[in-house]
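One structure is given below, encoded as structure tokens.
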Amino acid sequence: MKVASHLVKIAKLQALRERLDPLEDFELWFWAGMTAGTHAVNAALHQAGITLDDDMFATQPGVYLVPQPDGNLKAAFRPLGDVLHVGRPKVEAPVPADIAAMMEDMEQIEHYRDPCLREGLVPTPAIAQSCDAALQRCLGALARRTEGGAHGH
186 MKVASHLVKI AKLQALRERL DPLEDFELWF WAGMTAGTHA VNAALHQAGI TLDDDMFATQ
246 PGVYLVPQPD GNLKAAFRPL GDVLHVGRPK VEAPVPADIA AMMEDMEQIE HYRDPCLREG
306 LVPTPAIAQS CDAALQRCLG ALARRTEGGA HGH
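Residues in the sequence shown are numbered from 186 upward in steps of one, following this note's numbering.
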């Protein structure tokens, strides 16, 4: 996806999260946050020139839906554009420190995915606060990067 498209999706997901209760609506709140953070990491990777900022949509590692002249989407193998989750697929190129920190924040969030969403761990206020703080750090780093601030080189 293009950086601008990632930014639009982040804004929509953040608006959704604001309408949800972090504990009562934890699963949806969590997925919206995790997805927003993944969009942020992808936008930062594109902005840094590490991954392709292209009009294509990841379906699985290395496979993208690419718009065709007739308006349809066609699956194609392509070089790394968007990661689906931090580490999937792994970014082989050197990553600036600020983006590496964003990836660490996302790993902190994803640490709670299976326990809370699949294994029955009841989310606590501390878990929600930890996830939200990591997401806010990630989004803040993207904002600094896209506003021409620290680039972490």
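Idealized CB from N, CA, C, for every residue including glycine.
Check, Outcome
"CB of C316 within 8 Å of CB of A225, strictly", "no"
"Sub-8 Å separation of A260 and L269 beta-carbons", "no"
"Three-state secondary structure assigned by DSSP to H296", "coil"
"Distance between beta carbons of R330 and Q253, contact taken as under 8 Å", "Not a contact, Cβ separation roughly 32 Å."
"Contiguous beta strand (DSSP E) assignments of at least 3 residues, all confined to the stretch 232-313", "242-245, 248-252, 258-262"
"Limits of the unbroken alpha helix (DSSP H) element including E154", "Not covered by the structure: residue 154. The range shown for the chain is 186 to 338."
"Between the CA atoms of R204 and P308 - distance to the nearest angstrom", "18 Å"
"contact_flag[the stretch 231-245, the stretch 297-313] where n(CB pairs < 8 Å) is 3 or more", "no"
"is_contact[E295, chain E] using C-beta, thresh 8 Å", "You won't find chain E in this structure, because it holds only one protein chain."
"Rounded C-alpha distance that separates Q347 from D206", "Since the first residue of the chain shown is 186 and the last is 338, residue 347 is not available in this structure."
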